[in-house]
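Q: These protein sequence lines map, in sequence, to chains A and B.
Count the first sequence with numbering that gives the first Met the number 0 and you get residues 0 to 462, in order.
Count the second sequence with numbering that gives the first Met the number 0 and you get residues 0 to 278, in order.
We treat Cβ as the ideally placed atom computed from N, Cα and C, and that holds for glycine.
Take this structure, written in structure tokens, and hold onto it; I'll ask about it next.
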Amino acid sequence: MPNMSLKKNKMAEQAPDVRNKNFDEVALGYTEEQAIDEAKRCLNCKNKPCVTGCPVQIDIPAFIAEVAEGRFEEAYKIITKSSSLPAVCGRVCPQEMQCESKCVRGAKGEPVAIGRLERFVADRHNALAHGEVEKPVSNGHKAAVIGSGPSGLACAGDLAKMGYDVTVFEALHLAGGVLSYGIPEFRLPKSIVQQEIEGLKALGVKIETDTVVGKTVSIDELMDEEGFESVFIGSGAGLPRFMNIKGENLNGVYSANEFLTRINLMKAYKSDSSTPINAGTKAVVVGGGNVAMDAARCAKRLGADVTIVYRRTEKELPARAEEIEHAKEEGIKFAFLTNPVEIIPTENGWVKSIICEKMRLTEPDERGRARTVAIKGEFTEIEADCVIMSIGTSPNPLIRSTTKGLDTQKWGGIIADDDGLTSREGVYAGGDAVTGAATVILAMGAGKKAAAAMDEYMKNKNK
Amino acid sequence: MFEILEKKSLNPFVTMMKISAPRVAKKAEPGQFIILRTDSAGERIPLTIADFDREKGSVTIIFQIVGSTTEKLNHMNVGDCLCDFVGPLGKATETEGLKKVAVVGGGVGCAIAYPVAKKLHEMGVEVHVIAGFRNKELVILENEFTAASSKFVIMSDDGSAGEKGLVTDALKKLIESGEKYDRVITIGPLIMMKFVCQLTKEYNVPTVASMNPIMIDGTGMCGGCRLTVGGETKFACVDGPEFDGHLIDFDEAMARSASYKTFERKAHENTCNLFKGVE
């Protein structure tokens, strides 16, 4: 008999007032009993609506049925047929907009907690894994992957499983891309990211850190001189945008990228790190996406009183509902319908305050999102000694400016077809480098698709 | 890993190291920089490439001991390995079409000026070098500059080396004596570059300044190295590190470079035994 409870099994969490002072993971995961009980809420629908909501089409009812029977390793095998990073996606996917939004149980009550179940299955596997992976038989062909974020890792993993000799090139000193430098420890523990990467290495994937493709080596050199037959570009969208308002270059003003990189990659919050960070006593975060929530919650943990400034209303916040909820619980304040126009300095060139104009909503734009206009003459001044700009990122120009014949969009995104093929033969691309800033799961899906197309390409070429 | 192949003290505060980094050496050009970490808990610091040997696969860095990371680096020896060494980053110095250039360096900035002077000299450009130091003890690369220029002027604050005075005094004298430079390239402390640029603006001599701001990744990702050039925000790591000196907002750059002064002082005190109490 299915479990007809209208509510999801709650997942244990650190108490808000405890967790807003540490960087340990907020959510603690299901126990076996909770997982089985939650799995029994699934009605195992024949037409599997949840699968249509999953960018990588995991056979969700099938893996949940295994969990309900306590066969967790079987469930893991089903998930990993479609997903390369289940422990990551179980934590950071916007399930409420994807699989869970299609769940029949959601029509009356809460949908099945698919994300939490995925996380449980992956964590349980990782806890028991002995690292004995069967190395695929080599087919003797070399493929290169640029960037070790979600799309690159997914692409590398699939190619390695097919027997390719894969090298991943990473510009930073640590693999993982946004999973390492962007998403904070309390949302995605770095040990989990590294475990996934170790898994890829066990499959034979080589990772060359400290290599900036476009500078250290070019795509043409990789293909012409180093024998890589096909290349995947997963270089992400890492270039921070600024508002171009007065005072934005004052001391104490960060891009969210810089603020989060100092904390997540450089571990500036730890006492033994040589990298400095200044979250001040009063921090203002500008923007309303997941990255803004991450930055705000980091600043809070570093001891600042934090206000998020967003020009629309709460309803339009692009961040996941869960992140907004967590931020609020942790004591982060929100100033809605508020838009910065100038940052005021102290005598020493530090941030003193930020001046914002009041906004109101008007008719929606072509994407259906409400536009805003300033209410003339209405300003507020918010005191702050740290300002974090989190208003989006765009693709890095390094690769497009050093790769001849690689067509890009006006805004910088690499042009690629559905399989990831770019305007250059043998060169594929996917993830944020193609779409602009999006989600981990979409990037992962693009990496997997490209891996399949690269396999076809290399097979045909070598016929 | 990136092995230290050679280490030499150029003066009590400045050290030269040759690092094994074949991929970087293969692509390096004068004007570009690298980012290094000494160890896995270390910070990432940018250093301009002082020289490179493509055949041996080595890259030379010259650094002044100013903070905890450079202090730690200075404690490393031949045979030790740096944890990370990334590059070459930034754009190379533009040298096309130049006929006569004045290279103006200050302090450890001279180390960065040297590869540019050398390249120009080898290209057949007439190179004048003006190098400023606080005193005789701090003079570096004297022989190298002599070999890479047709005129080499040393200035010192106390007159113990070369002439007493500032690099701007020497530059002004040369310009007024009729030397017609089609470019001045200046590398050194921000305050020195600011005054060099002020001077050359008066005389209408195109000038580029090499900036070395605080940065983390060096690939355009953090924006920490941003500066204002001609009213626009630029990233030193990808748009630079060299910019039109007449357009740089040096006052802003100076304020930004002091962002972490307190932290750095404390970190340096914790690293350097000199500052530690006697137990």
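Within its chain, find whatever has a CB closer than 8 Å to the CB of Asp-38/B; leave out the 5 residues flanking it on each side and keep chain order.
A: Cβ neighbours of Asp-38/B beyond the five flanking positions: Lys-71 and Cys-82.
Q: Would the stretch 238–249 of chain A count as touching the stretch 367–376 of chain A if we require 3 or more Cβ pairs under 8 Å?
A: They do not touch, by the three-pair rule.
Q: Take Gly-41/B as the anchor and find which of Leu-264/A, Asp-384/A, Val-386/A and Pro-54/A has the nearest alpha-carbon.
A: It is Leu-264/A whose Cα lies nearest to the Cα of Gly-41/B.
Q: Look at the Cβ atom of Thr-206/B, then the Cβ atom of Arg-182/B, and state whether they are nearer than 9 Å.
A: Yes, the Cβ-Cβ distance between Thr-206/B and Arg-182/B is below 9 Å.
Q: What residues in its chain sit with their C-beta under 6 Å from that of Val-305/A, if we drop five residues either side in the sequence?
A: Within the same chain, Val-305/A has close Cβ partners Ala-282, Ala-295, Ala-298, Lys-299 and Ile-331.
Q: So is Phe-241/A in contact with chain B if we call contact Cβ pairs under 9 Å?
A: True, the Cβ-Cβ gap to chain B drops below 9 Å.
Q: Whole-angstrom Cβ separation of Ile-206/A and Lys-214/A, contact assumed at under 8 Å?
A: Actually they are not in contact, since the Cβ atoms of Ile-206/A and Lys-214/A sit about 18 Å apart, beyond 8 Å.
Q: Can you pull the chain A residues whose beta carbon is under 8 Å from the beta carbon of Arg-22/B, in chain order?
A: Under the 8 Å cutoff, chain A gives Thr-210, Thr-215 and Val-216.
Q: Can you say whether Glu-278/B is buried or exposed, counting buried as having 16 or more other CB atoms within 10 angstroms of its CB?
A: The pLDDT assigned to Glu-278/B is 40, lower than 50, so where the model puts this residue is not dependable; a value taken from the coordinates is nonetheless given after this. Under this definition Glu-278/B is an exposed residue.
Q: Could you tell me the alpha carbon to alpha carbon distance between Pro-85/A and Ile-191/A, rounded to whole angstroms?
A: Cα to Cα, the separation comes out at about 10 Å.
Q: Closer than 8 Å is the cut-off here; do at least three beta carbon pairs connect the stretch 163–175 of chain A with the stretch 304–320 of chain A?
A: As far as the Cβ criterion goes, the stretch 163–175 of chain A does not touch the stretch 304–320 of chain A, which means the pair count is below three.
Q: Can you give the Cα-Cα distance for Ile-57/A and Glu-117/A, rounded to whole angstroms?
A: Those two C-alpha atoms are separated by around 10 Å.
Q: Could you say which of Gln-408/A, Leu-259/A and Ile-276/A lies nearest to Thr-261/B if we only look at CA atoms?
A: Per the Cα distances, Ile-276/A.
Q: Please list the partners that Ala-254/B has in chain A, where partner means a Cβ-to-Cβ separation under 7 Å.
A: Correct list: Asn-250 and Gly-348.
Q: Following a CB-centred definition, is Thr-421/A positioned closer than 8 Å to any heavy atom of the ligand GDP?
A: Judged by which ligands are present, the structure shown has none, so any question about the ligand GDP falls away.
Q: Taking the Cβ atom as the reference point for each residue, do Arg-104/A and Cys-41/A lie within a distance shorter than 9 Å?
A: Contact: yes.
Q: Where does the unbroken beta strand (DSSP E) through Leu-4/B begin, and where does it stop?
A: Element bounds for Leu-4/B: 1–10.
Q: Using alpha carbons as the reference points, say which of Lys-107/A, Gln-33/A, Pro-93/A and Lys-6/A lies closest to Phe-71/A.
A: Answer by Cα proximity: Gln-33/A.
Q: What in chain A is Cβ-close to Arg-264/B, meaning under 7 Å?
A: Under the 7 Å cutoff, chain A gives no residues; its nearest Cβ is about 11 Å from Arg-264/B.
Q: Where does Thr-59/B fall in DSSP's three states?
A: Thr-59/B: strand per DSSP, three-state reduction.
Q: To the nearest angstrom, report how far apart Ser-209/B and Glu-225/A are at their CA atoms.
A: Going from the Cα of Ser-209/B to the Cα of Glu-225/A covers about 34 Å.
Q: Taking any Cβ of chain A, which residues in the stretch 58–81 of chain B have a Cβ under 7 Å from it, in chain order?
A: Listed by position along the chain: Ser-67 and Thr-68.
Q: Look up Lys-71/B in the DSSP assignment and say whether it is helix, strand or coil.
A: Helix at Lys-71/B.
Q: Please determine, among Ala-64/A, Val-55/A, Arg-90/A and Asn-2/A, the residue with the shortest C-alpha to C-alpha distance to Val-25/A.
A: Nearest option by C-alpha distance: Arg-90/A.
Q: Which of the three DSSP states is assigned to Leu-119/B in this structure?
A: Three-state result, Leu-119/B: helix.
Q: What span of residues does the beta strand (DSSP E) with Gly-105/B cover, start to end?
A: Gly-105/B -> beta strand (DSSP E) spans 99–105.
Q: Mind pulling the chain A residues with CB within less than 7 Å of Asp-243/B?
A: The contacting residues do not exist; Asp-243/B stays about 18 Å from chain A at best.
Q: If you drop the 5 nearest sequence neighbours on each side, which residues of the same chain put their C-beta closer than 6 Å to that of Gly-279/A?
A: Correct list, in chain order: Ala-303, Asp-384 and Cys-385.
Q: Let me see if you follow: with CB-CB separation under 9 Å, is Pro-488/A close to chain B or not?
A: Outside the shown range of chain A, which is 0 to 462, sits residue 488/A, and nothing can be said about it.
Q: Rank Ala-334/A, Arg-423/A and Thr-421/A by C-alpha distance to the C-alpha of Glu-380/A and give the top, closest one.
A: Residue Ala-334/A is the option with its Cα nearest to Glu-380/A.
Q: Give me the Cα-Cα distance between Gly-276/B and Met-75/B, rounded to the nearest whole angstrom.
A: Residue placement at Gly-276/B is poorly supported in this model, since its pLDDT is 47, which falls under 50; the coordinates are not used for a value here.
Q: Could you tell me whether the stretch 424–444 of chain A touches the stretch 132–149 of chain A, where touching means 3 or more Cβ pairs closer than 8 Å?
A: With a cut-off of 8 Å, the stretch 132–149 of chain A and the stretch 424–444 of chain A count as touching, because enough Cβ pairs lie within range.
Q: Can you find at least 3 beta carbon pairs, one from the stretch 391–403 of chain A and one from the stretch 226–241 of chain A, that sit closer than 8 Å?
A: Output reads yes: the stretch 226–241 of chain A touches the stretch 391–403 of chain A.
Q: Taking CB distances under 9 Å as the criterion, tell me whether Lys-357/A reaches chain D.
A: Absent from the structure: chain D. Protein chains present are A and B.
Q: Verify whether the separation of the beta carbon atoms of Phe-62/B and Asn-73/B is less than 9 Å.
A: Going by C-beta atoms, Phe-62/B is nearer than 9 Å to Asn-73/B.
Q: Would Met-192/B pass as an interface residue toward chain A - the criterion being a Cβ-Cβ separation below 9 Å?
A: So, not an interface residue.
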